[in-house]
Structures are given as C-alpha cells and as structure tokens.
Amino acid sequence: MDGYKHQKEEYARDITLGLYRKGFIETLWNTESKEHAEKGWTLKGGIWSPFYINLRPIGSEPELVAKIGKALSLFFIHELLDYNKIVGIEMAGIPIAAATSVAGNICRGDCIPYLYTRPLPEPARTPDDAREILTHASAGKWGEKSFLEGRLYDEDKILLLDDVVSDFGSKLIAREIVMYEAEKRGVTVSCDSILVVFDREQGAQAKADQEGMSLNSLVKFKGQALEWLMEEMEEYEHSLVSDYLENPELYQDAEVQQELLKELKEKRKYRK
Numbered sequence: 001m002d003g004y005k006h007q008k009e010e011y012a013r014d015i016t017l018g019l020y021r022k023g024f025i026e027t028l029w030n031t032e033s034k035e036h037a038e039k040g041w042t043l044k045g046g047i048w049s050p051f052y053i054n055l056r057p058i059g060s061e062p063e064l065v066a067k068i069g070k071a072l073s074l075f076f077i078h079e080l081l082d083y084n085k086i087v088g089i090e091m092a093g094i095p096i097a098a099a100t101s102v103a104g105n106i107c108r109g110d111c112i113p114y115l116y117t118r119p120l121p122e123p124a125r126t127p128d129d130a131r132e133i134l135t136h137a138s139a140g141k142w143g144e145k146s147f148l149e150g151r152l153y154d155e156d157k158i159l160l161l162d163d164v165v166s167d168f169g170s171k172l173i174a175r176e177i178v179m180y181e182a183e184k185r186g187v188t189v190s191c192d193s194i195l196v197v198f199d200r201e202q203g204a205q206a207k208a209d210q211e212g213m214s215l216n217s218l219v220k221f222k223g224q225a226l227e228w229l230m231e232e233m234e235e236y237e238h239s240l241v242s243d244y245l246e247n248p249e250l251y252q253d254a255e256v257q258q259e260l261l262k263e264l265k266e267k268r269k270y271r272k
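First residue of the sequence shown? That's 1 in this note's numbering, and the numbers climb one at a time after it.
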C-alpha cells in the first residue's frame with residue numbers, strides 16, 4: 001500500500017502541473033479568455049471564483065487523458081473495491097470515465113464497466129428539481145430517451161465519476177438521475193459514492209457527509225495542488241487563489257471583485 005500511496009501522489013502532482021501548463025486550470029492571471037480575465041468565473045452553485053478547472057476539452061491532450069485514466073483506475077482498484085460500475089457525469093466526466101474504464105485493463109487485467117449521464121432537457125438546481133424534470137420528460141416527447149446511457153442490473157454498486165467538485169449540488173442531481181433510471185428499469189442499485197479528479201475544498205465534503213455519501217478525490221486543491229503549483233504560478237497569482245480558498249465569502253462581494261479585477265488589469269500592463 002505504501003508503494004501505491006507514493007504512486008498515487010506522483011500521478012496527482014504530474015496531472016495537476018500538466019493541467020495547469022495546458023490551460024485546463026485557469027486563473028484570472030493565466031487565462032487566455034478576455035471575458036474571464038475581466039469578469040472571473042461563476043461556478044454551478046452561483047459562487048464567484050478567480051480560478052476555474054475545466055476538463056471538458058481534455059480530449060485535445062490524450063497523454064493527460066491516459067494519465068488521469070490510469071490514476072483513477074488505480075484509485076478504484078486500491079480504494080473502492082466495493083463498486084462494480086462507474087458512471088461518468090456529463091460532460092467532463094464522460095471522457096474521464098471512458099479513460100478510467102480502459103485503463104482498468106492495464107491496471108487489473110480487465111476494463112471497468114461504465115455508463116454516463118445525459119443532460120436534462122432543462123436546468124435543475126436540486127435533486128427534487130431533477131426528479132420533477134425527469135418525471136415530466138418521461139411523460140412527454142422525451143419518453144423513449146434514457147438520461148443514463150448503459151446497462152444496469154440488480155445489485156449494481158455505482159461509483160459516480162467527475163472532473164471536479166465544488167458545492168456537491170450537481171453530484172446529487174447525477175445520483176438522482178441514476179436512481180430514477182434504475183427505478184424506471186425495474187432494478188435495484190446503490191449509488192452512494194463519488195470519485196473526482198479535484199476537490200476544490202469549498203464545502204463538498206460536509207455536504208456529502210450530510211447526504212450519507214462518500215466523497216473521494218485524487219487531488220485536494222487547497223491541501224495539495226496549491227503546494228505543487230507554487231513552482232508554476234506567479235507569486236501574485238498563487239497568493240490570490242490561496243487567499244480566495246481560505247476566505248471565499250469575502251470574494252462574493254461585488255465591490256471586492258471589481259477592485260481585484262481593476263488591480264489585475266493594471267498588473268497585466270507590465271507582464272512580460
């Protein structure tokens with residue numbers, strides 16, 4: 001197990017640095033998007049953030065995809081043995097689930113079966129919203145369409161898989177989709193755990209505990225990634241992200257955001 005722990009940390013560090021270098025971890029300082037440089041990001045839960053992790057276009061870097069798949073496959077094999085299937089949460093979770101599945105053939109001699117969720121026909125903010133949307137969709141023109149692609153069987157133990165977790169809300173919606181589809185298909189499954197590449201450490205663990213779910217992550221952003229990224233980020237950039245993660249509530253104030261964005265605009269004028 002000690003050998004695995006070392007291997008896991010090496011993978012986590014290499015993946016974090018690789019994703020930052022390739023622009024999948026964006027900050028107000030390094031983003032190439034003029035819009036985000038001027039406004040920042042609003043996360044799914046409505047929280048403003050000066051940095052963003054986006055693995056949806058990860059397919060453009062196949063070596064990183066392969067490395068993530070192998071790291072998560074090893075995590076699955078060594079730490080999540082009770083589960084027999086993974087479900088990739090749309091959209092970023094889908095290529096990650098596929099990569100993890102295929103990597104299982106290398107890591108344990110057989111691929112890990114995977115499914116994936118499809119987008120709901122309209123936005124849902126809570127599991128109750130999702131259940132209502134699913135019910136109406138099944139009764140209407142979406143009736144023949146499944147919102148979970150793949151096969152479910154009785155006693156399947158499902159592990160949800162995604163790129164990042166912030167407030168946990170979207171993961172609860174994904175679980176609702178899985179449980180709804182299982183009920184619709186007449187099978188009994190369990191879905192009480194999730195594995196993500198990054199935990200932003202912004203309250204998801206407490207929410208998971210409250211919901212009776214297990215949250216697992218390859219990288220804890222505040223506890224691990226920030227240390228590794230010190231060698232890559234500009235000092236000001238690293239200080240900003242660190243301070244934000246220590247006190248995200250402060251940065252929800254519109255005046256604080258505007259002052260920060262104004263300061264960054266001035267600093268960019270003198271960037272080499």
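Cβ coordinates follow ideal geometry from the N, Cα and C atoms, glycine included. Every value quoted in this text rests on a predicted model; they were computed, and no experiment measured them.
In whole angstroms, give me the CA-to-CA distance for residue i and residue j.
i: A99; j: L19; result: 16 Å
i: E155; j: I89; result: 20 Å
i: D167; j: E26; result: 19 Å
i: V256; j: P50; result: 12 Å
i: K44; j: G93; result: 15 Å
i: D163; j: E61; result: 15 Å
i: H36; j: G186; result: 45 Å
i: E259; j: E235; result: 19 Å
i: K157; j: P119; result: 22 Å
i: Q224; j: A208; result: 20 Å
i: A182; j: G109; result: 28 Å
i: K222; j: G40; result: 19 Å
i: F24; j: L229; result: 13 Å
i: D243; j: K5; result: 29 Å
i: M179; j: A97; result: 19 Å
i: L226; j: E237; result: 11 Å
i: T31; j: L161; result: 26 Å
i: H136; j: I106; result: 42 Å
i: L55; j: K184; result: 31 Å
i: G3; j: E79; result: 14 Å
Quick check on the DSSP output: the beta strand (DSSP E) that includes residue i runs from which residue to which?
i: F51; result: 51–53
i: I273; result: One cannot answer for residue 273 here, as it falls past the ends of the chain, which runs 1 to 272.
i: T117; result: 114–117
i: K220; result: 214–220
i: I25; result: 25–27
From what residue to what residue does the alpha helix (DSSP H) around residue i run?
i: Y11; result: 2–21
i: V256; result: 254–268
i: K207; result: 204–210
One question on the structure: do residue i and residue j come within less than 8 Å of each other, judged by their Cβ atoms?
i: P127; j: I173; result: yes
i: L250; j: L28; result: no
i: T117; j: I77; result: no
i: I58; j: P95; result: yes
i: L240; j: E38; result: no
i: Y83; j: L159; result: yes
i: G104; j: S146; result: no
Mapping DSSP to helix, strand and coil, what is residue i?
i: K129; result: The amino acid occupying residue 129 in the given sequence is Asp; Lys does not appear at that position. Correct three-state label for D129: helix.
i: S170; result: helix
i: W228; result: helix
i: L74; result: helix
i: S239; result: helix
i: L245; result: helix
i: E234; result: coil
i: V197; result: strand
i: I94; result: helix
i: N105; result: helix
i: V178; result: helix
i: S190; result: strand
i: I47; result: coil
i: T42; result: strand
i: K157; result: strand
i: L148; result: strand
By Cβ distance below 8 Å, which residues in the same chain neighbour residue i in space, the five residues on each side in sequence not counted?
i: E232; result: L17, Y20, R21
i: I15; result: L64, K67, I68, A71, V197, L218, V219
i: Q205; result: D199, L215
i: F75; result: K8, L195, N216, L218
i: Q202; result: I47, S166, D167, L245, P248
Return the chain-ordered list of same chain residues with a C-beta closer than 7 Å to the C-beta of residue i, the five sequence neighbours on each side being excluded.
i: M213; result: D192, S193, I194
i: Y153; result: V187
i: V122; result: Correcting the residue type first, residue 122 is Glu in the shown sequence and not Val. If we look at E122 and ignore the five residues flanking it on each side, its Cβ neighbours are I133.
i: V102; result: G69, C111
i: T42; result: W48
i: L115; result: K85, V87, L148, E149, G150
Is residue i close to chain B, meaning its C-beta is less than 8 Å from at least one C-beta of that chain?
i: T16; result: Included in the structure is just one protein chain, with no chain B present.
So, for residue i: in the same chain, excluding its five sequence neighbours on each side, which residues have a beta-carbon less than 6 Å away from its beta-carbon?
i: S170; result: K44
i: Y11; result: A71
i: A124; result: A130, I133, I173
i: S33; result: none
i: R175; result: C191
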